[in-house]
Amino acid sequence: MDNVELLSRIQFAFTIAFHYIYPPLSIGLGVCLVVMEGLYLKTKDKIYEELTRFWVRIFALIFGIGVATGIVMEFEFGTNWAAYSRYVGDIFGSALAAEGIFAFALESAFLGILLFGWNRVSPRVHFMATVLVALGSIFSALWIVVANSWQQTPSGYRIEGKGMQARAIVTDFWAMVFNPSSIERYSHVLIGALLAGSFLVLSVSAWYILKKKYIVHAEAAFRIALWVAAISSLAQLFTGSKSAEVVTKYQPAKLAAMEGHFEKSAPGDMYLMGWVNAKEQKTTGLKIPGGLSFLVHHDVNAPIPGLNSIKPENRPTAINFVFQTYHLMITIGMTLIALTLFALFMLYRGKLFQTRWLMGVFVFSVLLPQVGNQVGWYTAEVGRQPWVVYGLLRTSDALSQAVKAEHVLASLIMFTFIYVMLFGLFLYLLNKKIQHGPDVASDDETSSRMNPSMLPILNE
Amino acid sequence: MDTVLGIDLPTWWFLLIGALISGYGILDGFDLGAGALHLFFRKEQSRRIALNAIGPVWDGNEVWLVIGAGSLFAAFPLVYGTILSVFYLPFMLFLVAIIFRGISIEFRSKEKMKWWHQLWDVSYCVSSTVISLLLGLILGNLIQGIPLNANHEFVGRLRDFFNPYAILIAVTVLSLFMMHGAMYLLMKTEDRLYAKLTIIANNTSKFFILCFMATSMATLIYVPHMTAIFKAYPELFALGIAAVLIVLNIRRSIEKRQYRRGFISSSVTTALLLILFAMGLYPNLVLSNIDPKGSISIYEAASSDGSLRTMLLFAAIGMPLVATYTVFMFWTFRGKVKLEEHSY
Chain A
-10 MDNVELLSRI QFAFTIAFHY IYPPLSIGLG VCLVVMEGLY LKTKDKIYEE LTRFWVRIFA
50 LIFGIGVATG IVMEFEFGTN WAAYSRYVGD IFGSALAAEG IFAFALESAF LGILLFGWNR
110 VSPRVHFMAT VLVALGSIFS ALWIVVANSW QQTPSGYRIE GKGMQARAIV TDFWAMVFNP
170 SSIERYSHVL IGALLAGSFL VLSVSAWYIL KKKYIVHAEA AFRIALWVAA ISSLAQLFTG
230 SKSAEVVTKY QPAKLAAMEG HFEKSAPGDM YLMGWVNAKE QKTTGLKIPG GLSFLVHHDV
290 NAPIPGLNSI KPENRPTAIN FVFQTYHLMI TIGMTLIALT LFALFMLYRG KLFQTRWLMG
350 VFVFSVLLPQ VGNQVGWYTA EVGRQPWVVY GLLRTSDALS QAVKAEHVLA SLIMFTFIYV
410 MLFGLFLYLL NKKIQHGPDV ASDDETSSRM NPSMLPILNE
Chain B
55 MDTVLGIDLP TWWFLLIGAL ISGYGILDGF DLGAGALHLF FRKEQSRRIA LNAIGPVWDG
115 NEVWLVIGAG SLFAAFPLVY GTILSVFYLP FMLFLVAIIF RGISIEFRSK EKMKWWHQLW
175 DVSYCVSSTV ISLLLGLILG NLIQGIPLNA NHEFVGRLRD FFNPYAILIA VTVLSLFMMH
235 GAMYLLMKTE DRLYAKLTII ANNTSKFFIL CFMATSMATL IYVPHMTAIF KAYPELFALG
295 IAAVLIVLNI RRSIEKRQYR RGFISSSVTT ALLLILFAMG LYPNLVLSNI DPKGSISIYE
355 AASSDGSLRT MLLFAAIGMP LVATYTVFMF WTFRGKVKLE EHSY
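Taken in sequence, the protein lines are chains A and B. So in my numbering the end of the first sequence lands on 449, straight run, no missing numbers. So in my numbering the end of the second sequence lands on 398, straight run, no missing numbers.
What follows is the structure, encoded as structure tokens:
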């Protein structure tokens, strides 16, 4: 790996990992906003209006950083990966352009109304703007994940030209869009986003409940977000297993890396945790023998092709990394299910908001979906190596020829510096907004302006 | 070759991307210009009004950049990769400026401290200026052509981009945006800030006309290939005349204090200048100044007909939608800026 490749890969991984903090948050938060403002329109209860306004301010902060860092990604395809851009422009470019026209334009235009339109448009039109912004971000993710999924499981194309002149041409647009992994990966990513957003609401609300501030607001928001989170974490189990099936079928090398499975052909074990020694081709840890075979083929003895059945130059190199990120993702997923179901049970018993230790757990729980989304993404992307387009184009062939290593190094240092600063500022301002809390119209905060039991859909 | 309404698909995309870039120049042009003027407003109140004049719309304006770049990627991937990788460092700087500009607008109002406001005001003004200059610098080099060998490989050096002609274009773009921004702000402000802006509009428009004349002369003398098309089709010279008349009309509108008309004129000027550039370029997208074989034409760079056709359908559906959102957004926030609780 030469320096330009190494540096470009680090830069891309770093900028996308940083970017990927924000869009999931705004997608999930967008859905929570739709519920909050919808309840306001339905019940005319001030609490929901104040909640909506409060969360819109946090949404704006997250959205702003998401857009700024997203533009970087779009340009990096051309600046650092010019050969890749040429190779997949026909396909990846179309999806990216469609994202701009059909999704990003929608979000950005109506964001202005969401933020500044309170006194300029009627509550109904404002609600419509909220819905459109949320929809825009959901469509946005759709096109981006479609583009990425095509890289994982290419279809609906043919290759034209030879050698460095080769490029992929769309032959069937809808086969390209609905390539074998699009739906599974999109639903998995989208639900990951719902988890990220709803757990932010849960965390902030739990903190208010612990601090005995804005209790009525916090409990209302907690209920909304808890339902979103509980349904999402259960659904994630399903989409996750669907995604694993797709990987098994189309990316055997990635699957083998995910479970540290080396033998050419043998039943695959499923590890709960473990460590891969790639040199000695040994995986040790706590495992369910034949578990992987059972998951994939519903038969504990069914053979699974291991890494040794794949040519060495086509195997991912960072096997232990893929193994660890994959298992961390699963552990987090299971934890979220347990946590949300337990919280629902406590809500049913009427003890949820009095259980202080549980509220404390929820304050920190915001990190779990974030880490889950990150490691999930690493599993998908590092597991795909050495291919940038699976089986078609190697990452090392995707580089820009005109770019020098020292220029990439300079930009990488610049981005590191700026993103670290940006993250610090983000946390500082987020904290400040949380400390400030919602603007409450009257001071009868603790009196029961709202009787929670009046809200049939939110109550058990 | 596949055609739609008698025009081949790569030409359609050449026109569409030209329209998107013009749209970006007109829309983000005024908010970049407003940003570049920001430090001329001394009072806190004035700065807040100026910021809120673009507050609800700048994000929507930037969408045109995202769509324009995405379309270039999709329709002419070879050109997308070539331009972005050749201008690697200028584009990286551009991205940094885009980040800083976005967060300056977003972060400024979040603290009450004076130094905090000052910090983000400077960051907002500098990043807006840098974006305008870099766009001009890249444009200036694309007008002259860049050193690409017969295999379309870049054989130049970074410092060659900082040549006098490109710098002149950079300054011209900045002056155009500042004038354009001043006229936009005049439509959104009242009283003292309005009075101050009348002076700024007057000065920036004079400065722009100076740059415009210098650019025209320099292009005629040093970049003959841009004007070659006028020799082949003398009737197109009318467009050049139209540009001069429109530019003069900007001055006239400013003197008569008809700023809405002036704003429309500077919008048309932006589009016309880009049209003149596109005419000099067509059917190429990137010119090589060392080997004509190195130039990249739309036919060489184009994606497959199937892909171009599908995307043309998307554009036919999507662009009216985008235009509708844009109009709805501007209509919602029509009239003079009034500071309120949700303002920056």
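Beta carbons: idealized from backbone N, C-alpha and C, even for Gly.
Return the CA-CA distance between residue i and residue j, expressed in angstroms with no decimal places.
i	j	result
Q363/A	F404/A	19 Å
F310/A	T272/A	13 Å
L265/B	S351/B	A small fix is needed here, since residue 265/B is Cys in this sequence, not Leu. The alpha-carbon atoms of C265/B and S351/B are separated by roughly 30 Å.
I36/A	P427/A	10 Å
G87/B	P110/B	16 Å
K296/A	G274/A	With the sequence shown as reference, residue 296/A is identified as Leu, and Lys is not the correct amino acid for it. If I take the Cα positions, the gap works out to 18 Å.
A107/B	Y9/A	31 Å
H287/A	D386/A	39 Å
N448/A	R212/A	With a pLDDT of 41 at N448/A, under the threshold of 50, the modelled position of this residue cannot be trusted, and the question is left open.
V120/A	L179/A	16 Å
A370/B	A104/B	35 Å
M443/A	M410/A	Because the pLDDT of M443/A is 43, which lies under 50, any placement of that residue in the model is unreliable, and the number read from its coordinates should be weighed accordingly. C-alpha separation (whole angstroms): 45 Å.
G79/B	A325/B	8 Å
G372/A	E38/A	45 Å
Y203/A	V45/A	17 Å
G181/A	A224/A	10 Å
D56/B	D359/B	7 Å
F48/A	I80/A	32 Å
A94/A	W132/A	13 Å
Does chain A have any CB closer than 9 Å to the CB of residue i?
i	result
L339/B	no
L69/B	no
E394/B	yes
M365/B	yes
S351/B	no
D113/B	yes
T380/B	yes
K164/B	yes
Y238/B	no
I103/B	no
Y178/B	no
Y142/B	yes
P131/B	yes
Please report whether the beta-carbon of residue i lies at a distance below 9 Å from any beta-carbon of chain B.
i	result
G89/A	yes
F1/A	no
G159/A	The amino acid at residue 159/A is misidentified as Gly; the sequence shows Val. Chain B contact via Cβ: present.
A430/A	no
A332/A	no
N108/A	yes
N448/A	Only weak support is given to the placement of N448/A: the predicted model assigns it a pLDDT of 41, under 50, and the question is left unresolved by the model.
F167/A	no
Taking residue i and residue j to be in contact with their CB atoms under 8 Å, please state how far apart those CB atoms are, rounded to whole angstroms.
i	j	result
L366/B	V117/B	Incorrect: roughly 19 Å between the Cβ atoms, too far for contact.
M241/B	T258/B	No, M241/B and T258/B are not in contact; Cβ-Cβ is about 15 Å, not under 8 Å.
P294/A	A245/A	7 Å
A214/A	S194/A	7 Å
L189/A	L14/A	6 Å
A129/B	L362/B	6 Å
H396/B	L104/A	7 Å
Name the residue from the options whose alpha carbon lies nearest to the alpha carbon of residue i.
i	options	result
L284/A	S254/A, A233/A and S298/A	A233/A
M271/B	A249/B, G294/B and K250/B	G294/B
R42/A	P358/A, F52/A, L22/A and H316/A	L22/A
S(-3)/A	N420/A, Q424/A, V397/A and H250/A	V397/A
H250/A	V265/A, Q240/A, Y239/A and L414/A	V265/A
R147/A	I133/A, F162/A and N137/A	F162/A
R162/B	H425/A, L418/A, Q424/A and A267/A	L418/A
I185/B	S319/B, K310/B, V225/B and V391/B	V225/B
T368/A	T329/A, Q141/A, G55/A and Y73/A	Q141/A
I308/B	H234/B, K285/B and F284/B	H234/B
At a cut-off of 8 Å, is residue i close to the ligand COA when judged by its beta-carbon and the heavy atoms of the ligand?
i	result
N338/B	By its list of ligands, the structure shown contains no ligand whatsoever, and the ligand COA lies outside what it can speak to.
What alpha helix (DSSP H) runs, 4 residues minimum, are completely inside the stretch 282 to 314 of chain B?
282 to 286 and 291 to 309
Let me know the alpha helix (DSSP H) ranges lying completely inside the stretch 280 to 365 of chain A, each 4 residues or longer, listed in chain order.
280 to 286, 308 to 337 and 345 to 354
Continuous beta strand (DSSP E) assignments of at least 3 residues falling wholly in the stretch 333 to 361 of chain B:
338 to 340
Unbroken beta strand (DSSP E) runs of length 3 or more, entirely within the stretch 221 to 292 of chain A: which are they?
Secondary structure remark: continuous beta strand (DSSP E) runs of at least 3 residues inside the stretch 221 to 292 of chain A, in chain order: 254 to 256, 259 to 266 and 271 to 277.
Please go through the stretch 80 to 129 of chain B and give each complete alpha helix (DSSP H) segment of 4 or more residues, from N-terminal end onward.
98 to 108 and 112 to 129
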